[in-house]
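For the sequence shown, our numbering assigns the number -10 to the initial residue and increments by one for each residue that follows. Backbone N, C-alpha and C fix where the C-beta goes; we use that ideal spot for every residue, glycine too.
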Amino acid sequence: MGYDVVSRLLHWVTVLIVFVMIPVGLYMTQDGIPRATQDGLFKLHKGLGSIFLLVILARLAWRLFHRPPPLPASIAPAQRWAAEAVHAGLYVFLLVMAVSGYVRVTTGGFPIEWLNAIGIPPLLPKMEAVSKVASIVHAVAKNGLILLILMHVGAAAYHGIVRRDGVMSRMWPPV
Ligand code: HEM
């Protein structure tokens, strides 16, 4: 028995977006990249990140009312606990990344071009001090998120390739 189709879709949309957001975020903040490239990447990162904020809120809301399917009986209690802790951590860090990014940009008085283009105004006023804190939170939390993703992907690969115990097919394919 696997996850329902909405959970699967939200999971794989998250994967696609986050796998763009992290490399783009890391690259666009480097010194010495061409100005036009950097501008384009910032627009992409801010726009896609704002869309992701909606995706993660939808995901959390859906998860609140839909219990995950049971794990196979072969999974040891310590492993169940570890999996649940990593999943909870991923939700928290994804939310922190999306919210801190949005707060950093809007309270810094910077535009989110994709949202402006469809007439969505910034939801927060300019607040320099808040923007600075959000920027630090965004930069620090990325390390936690990357660590959790490595653990999560490692565990999924172990179950899918080594143990082949049906854990992977709870979430794959997307539909
Ligand atoms: C899943 C969501 C997100 C991920 C995984 C993510 C990831 C990253 C990463 C890895 C960096 C590089 C930070 C560093 O190396 O110090 C970064 C920087 C940045 N991100 Fe995000 N980000 C997300 C959401 C957002 C959102 C929603 C916005 C704005 C709407 C945003 C705006 C920025 C900005 C402006 C920077 C440049 C650093 C700064 O000025 O503070 N991010 N992001």
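Simplified DSSP assignment, three categories, for Val164:
coil
Do Val44 and Val75 count as a contact pair if the criterion is CB distance below 7 angstroms?
no
Endpoints, the alpha helix (DSSP H) within which Val(-5) is located
-6 to 17
Three-state secondary structure (DSSP) at Ile109?
coil
Closer than 8 angstroms by C-beta to Asp154: which residues in its own chain qualify, once you throw out the five before and the five after it? Chain order, please.
Pro61, Ser63, Ile64, His148
With a CB to CB cut of under 7 angstroms and the five nearest residues on each side skipped, what residues in its chain are close to Met140?
Val75
Mind checking Gly98: buried by the 16 CB within 10 Å criterion, or exposed?
exposed
Where does Ala128 land, buried or exposed, given buried means 16+ other C-beta within 10 angstroms?
exposed
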